[in-house]
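Take the sequence shown: its position 29, counted from the start at 1, is 31 in my numbering, and no numbers get skipped.
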Amino acid sequence: MEVFKAACPVPKHFVQKLISESVAKRAVQNLSVLFCNGWAVECDASCVPLDLVLASDVKNREELVRILLQHNANARGLKKSSKSPLSICLETDKLDLAMILLQHGADERDLVEREGESPFHASLRIGLKKGQYPSTKK
3 MEVFKAACPV PKHFVQKLIS ESVAKRAVQN LSVLFCNGWA VECDASCVPL DLVLASDVKN
63 REELVRILLQ HNANARGLKK SSKSPLSICL ETDKLDLAMI LLQHGADERD LVEREGESPF
123 HASLRIGLKK GQYPSTKK
């Protein structure tokens, strides 16, 4: 898909309004165009729910998540979200995105799925389950 590039700068407040409308309409592809194609260089992404982006099938999801985090999206997710972005990554086996979220302040306690488990033990369990660490069983 060829994306139209503006020959003149678009006012920041206009792009910010497009971001808000895209979030309201759950239009992740629009967010991708705005942020990944340079339209929202000076805009704030703190209103963008990362759980929405992570649950989408947008083709450049990892790039979009990185850019949104650079523009103040909350790695822990928005308060009104039912699931944290980190828990969505774990459910969908997107460990690369989970690492990005953790590097940007996601709550490691969201790794815990079992009663009495620490975030450290949860990360070991997840790593063993995904084949990231060698098993001690013979």
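Backbone N, C-alpha and C define an ideal beta-carbon position, used for all residues, glycine too.
By how many angstroms is the C-alpha of R111 removed from the C-alpha of L104? As a first step, residue 104 must be located in the sequence shown, where it is residue number 102. As a first step, residue 111 must be located in the sequence shown, where it is residue number 109. Rounded to the nearest angstrom, the two C-alpha atoms are 11 Å apart.
Got a sec, what are the start and stop residues for the alpha helix (DSSP H) V25 sits in? For this step, residue 25 is matched to residue 23 along the sequence shown. Residues K14 to A26.
For L54 and G118, I'd like the C-alpha separation in whole angstroms. In the sequence shown, counting from the first residue as 1, residue 54 sits at position 52. In the sequence shown, counting from the first residue as 1, residue 118 sits at position 116. Between L54 and G118, the C-alpha separation is close to 29 Å.
Is the beta carbon of N74 sitting closer than 8 Å to the one on D46? Looking up residue 74 in the sequence shown gives position 72. Looking up residue 46 in the sequence shown gives position 44. Yes, the Cβ-Cβ distance between N74 and D46 is below 8 Å.
Is K140 buried or exposed, if buried means 16 or more other CB atoms sit within 10 Å of its CB? One-based indexing of the sequence shown puts residue 140 at position 138. Reliability of the predicted coordinates at K140 is poor, the pLDDT of 47 falling under 50, and no value is obtained from them.
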